[in-house]
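Engineer:
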Amino acid sequence: MAPQFLSKGAPLSQALPEVSASAGRSADPLPDRDPVVAGAAPASAHLSRLARAATDHSPLEDMQGIFTGALLGALGLALLSHLGLLTSGAAGLALIVSYASGLDVSLSMLLVNAPFLVLAGLRMGRAFTIKTLVSVGLLSFLTSLQPHLVSFGRIEPAAGAVMAGLLLGFAVLALFRHRASFGGAGILAIHLQDRRGWRAGYTQLAMDLVVLAAALAVADRSSVAYSLISAMVLNLFLAINHRTDRYVAR
Numbered sequence: 211m212a213p214q215f216l217s218k219g220a221p222l223s224q225a226l227p228e229v230s231a232s233a234g235r236s237a238d239p240l241p242d243r244d245p246v247v248a249g250a251a252p253a254s255a256h257l258s259r260l261a262r263a264a265t266d267h268s269p270l271e272d273m274q275g276i277f278t279g280a281l282l283g284a285l286g287l288a289l290l291s292h293l294g295l296l297t298s299g300a301a302g303l304a305l306i307v308s309y310a311s312g313l314d315v316s317l318s319m320l321l322v323n324a325p326f327l328v329l330a331g332l333r334m335g336r337a338f339t340i341k342t343l344v345s346v347g348l349l350s351f352l353t354s355l356q357p358h359l360v361s362f363g364r365i366e367p368a369a370g371a372v373m374a375g376l377l378l379g380f381a382v383l384a385l386f387r388h389r390a391s392f393g394g395a396g397i398l399a400i401h402l403q404d405r406r407g408w409r410a411g412y413t414q415l416a417m418d419l420v421v422l423a424a425a426l427a428v429a430d431r432s433s434v435a436y437s438l439i440s441a442m443v444l445n446l447f448l449a450i451n452h453r454t455d456r457y458v459a460r
């Protein structure tokens with residue numbers, strides 16, 4: 211087509227007849243065309259598929275994530291135990307119940323965890339419940355092995371509380387990313403994040419504050435204070451790094 215030039219006073223539609231005529235019969239948009247031009251819906255669907263693919267986990271990926279979380283969790287609990295600090299969450303509540311009532315720790319742990327496990331079975335699905343039970347069992351096994359594998363020397367309590375909180379934070383995050391938990395308050399926290407959008411870290415921190423306040427009846431203030439530091443580090447780390455608008459694992 212020879213170039214046409216717009217004469218003075220001629221309308222633009224006369225100068226570009228072929229462009230005007232072809233506007234209604236353009237070919238199908240190219241796959242890589244800008245979504246603003248080609249239409250946002252196909253691009254959004256494509257991005258949604260990519261997001262699902264990035265957060266769907268295979269059984270092997272779940273296994274390594276759960277094992278990593280349990281290993282870091284066992285190390286964090288060992289550090290707390292070495293410092294004589296309290297464990298927060300359902301485990302801490304079970305210890306308080308045991309001290310106050312004289313019940314065996316394992317029995318009090320079962321009683322405290324039972325309602326949360328029922329919630330997991332009813333609301334979180336079979337896969338989440340099974341992976342949580344595996345995580346709890348693996349954590350218990352690795353914790354029993356820990357004295358034979360790792361020992362600690364002198365650790366300044368405040369520094370140890372921060373390190374334990376970070377280790378446990380990474381551990382819980384690994385499990386949450388693979389749709390599992392260590393049971394107890396973690397089940398309720400992730401349920402409320404899924405259903406109501408409440409940050410799991412903030413929910414757990416609120417529950418931990420209640421547990422640690424109750425611990426003042428059976429522990430000295432210094433231990434409770436350092437335990438509070440550990441719980442705050444754990445849960446603030448979790449609140450920052452586990453958000454449904456950034457990463458939704460399946």
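Mapping of the sequence shown onto our numbering: residues 211 to 460, in sequence order. Just so you know, even glycine gets a beta-carbon here, dropped at the ideal spot from N, CA and C. Just so it is clear, the structure is predicted and the values come from calculations on it, not from any experiment.
#1: Could you tell me the alpha carbon to alpha carbon distance between Ile450 and Ser354, rounded to whole angstroms?
#2: Is DSSP giving Ala261 helix, strand or coil here?
#3: For the alpha helix (DSSP H) that His452 lies in, which residues bound it at each end?
#4: Give a yes or no on whether the C-beta atoms belonging to Ile397 and Met334 are separated by under 8 Å.
#5: Since Phe392 and Gly283 are thought to touch, with beta carbons under 8 Å apart, how far apart are those beta carbons, to the nearest angstrom?
#6: Would you kindly work out how many angstroms separate the C-alpha atoms of Asp430 and Glu366, rounded to a whole number?
#7: Could I get the ranges of all uninterrupted beta strand (DSSP E) runs contained in the region 289-313, with 3 residues as the minimum, in chain order?
#8: Among Leu422, Val434 and Leu383, whose alpha-carbon lies nearest the alpha-carbon of Thr278?
#9: Classify Ile365 as helix, strand or coil using the three-state DSSP reduction.
#10: Taking a contact to mean a Cβ-Cβ separation below 8 Å, would you say Phe338 touches Ala300 in this structure?
#11: Where does His401 fall in DSSP's three states?
#12: If you drop the 5 nearest sequence neighbours on each side, which residues of the same chain put their C-beta closer than 6 Å to that of Leu444?
#13: To the nearest angstrom, how far is it from the Cα of Ala441 to the Cα of Leu289?
#14: Do Met373 and Ala395 come within 8 Å of each other at the CB atom, strictly closer than that value?
#15: Residues in its own chain within less than 7 Å of Ala399 by CB, not counting five upstream and five downstream?
#16: Once you ignore the five residues that flank Leu422 on each side, which residues in its own chain have a CB closer than 8 Å to its CB?
#17: Of the choices Ala280, Glu271 and His401, whose alpha-carbon is the least far from that of Ala330?
#18: Would you identify the three-state DSSP class for Ala410, choosing helix, strand or coil?
#19: With distances taken from CA atoms, which of Gln356, Ala369 and Val420 is nearest Tyr285?
#20: Quick check on DSSP: helix, strand or coil for Asp272?
#21: Give me, in chain order, the residues of the same chain whose beta-carbon lies closer than 7 Å to that of Arg262; leave out the 5 immediate sequence neighbours on both sides.
#22: Exposed or buried, which one is Gly312 when buried takes at least 16 other CB atoms within 10 Å?
Structural biologist: According to the data block:
#1: Taking the first residue of the sequence shown as position 1, residue 450 is located at position 240. Taking the first residue of the sequence shown as position 1, residue 354 is located at position 144. Distance between the alpha carbons of Ile450 and Ser354 is about 31 Å.
#2: Taking the sequence shown and counting its residues from 1, one reaches residue 261 at position 51. Any reading at Ala261 needs caution, since the residue's pLDDT is 44, under 50, leaving its predicted position unreliable; the model's value is listed next. Correct three-state label for Ala261: helix.
#3: Translated into the one-based positions of the sequence shown, residue 452 becomes position 242. Element bounds for His452: n/a, residue is neither H nor E.
#4: Stepping through the sequence shown from its first residue, residue 397 is reached at position 187. Stepping through the sequence shown from its first residue, residue 334 is reached at position 124. For Ile397 and Met334, yes; Cβs fall inside 8 Å.
#5: Here the question's residue 392 lines up with position 182 in the sequence shown. Here the question's residue 283 lines up with position 73 in the sequence shown. With 8 Å as the limit, Phe392 and Gly283 qualify as a contact, their Cβ atoms being about 6 Å apart.
#6: Numbered from 1 along the sequence shown, position 220 holds the residue referred to as residue 430. Numbered from 1 along the sequence shown, position 156 holds the residue referred to as residue 366. Near 17 Å, if we compare the C-alpha coordinates of Glu366 and Asp430.
#7: none
#8: Against the sequence shown, residue 278 aligns to sequence position 68. It is Leu383 whose Cα lies nearest to the Cα of Thr278.
#9: Taking the sequence shown and counting its residues from 1, the one referred to as residue 365 is at position 155. Ile365 falls in the coil class under three-state DSSP.
#10: Numbered from its first residue, the sequence shown carries residue 338 at position 128. Numbered from its first residue, the sequence shown carries residue 300 at position 90. Not a contact, by the Cβ cut-off of 8 Å.
#11: Position 191 of the sequence shown, counting from 1, holds the residue named residue 401. Helix, per DSSP.
#12: In the sequence shown, counting from the first residue as 1, residue 444 sits at position 234. For Leu444, where only same-chain residues beyond five positions count, the Cβ hits under 6 Å are Gly375, Leu378 and Gly379.
#13: Locating residue 441 in the sequence shown gives position 231, counting from the first residue. Locating residue 289 in the sequence shown gives position 79, counting from the first residue. When rounded, the distance between both Cα atoms is 13 Å.
#14: Here the question's residue 395 lines up with position 185 in the sequence shown. Here the question's residue 373 lines up with position 163 in the sequence shown. Contact: no.
#15: In the sequence shown, residue 399 corresponds to position 189, counting from 1. Taken in chain order, the residues that qualify are Ala410, Thr413 and Gln414.
#16: Against the sequence shown, residue 422 aligns to sequence position 212. Hits under 8 Å: Leu296, Ser298, Gly302, Val434, Ser437, Leu438 and Ala441.
#17: Position 120 of the sequence shown, counted from the start, is the residue given in the question as residue 330. Closest option to Ala330, Cα to Cα, is His401.
#18: Numbered from 1 along the sequence shown, position 200 holds the residue referred to as residue 410. If DSSP states are grouped into helix, strand and coil, Ala410 belongs with the helices.
#19: Taking the first residue of the sequence shown as 1, we reach residue 285 at position 75. For the record, residue 285 in the displayed sequence is Leu; it is not Tyr. The residue with the shortest Cα to Cα distance from Leu285 is Gln356.
#20: As a working note, residue 272 is residue 62 in the sequence shown. It is helical.
#21: Residue mapping note: residue 262 aligns to position 52 of the sequence shown, counting from 1. Reliability of the predicted coordinates at Arg262 is poor, the pLDDT of 49 falling under 50, and the value obtained from them is presented with this limitation in mind. There are no such residues.
#22: Locating residue 312 in the sequence shown gives position 102, where the first residue counts as 1. Label assigned to Gly312: exposed.
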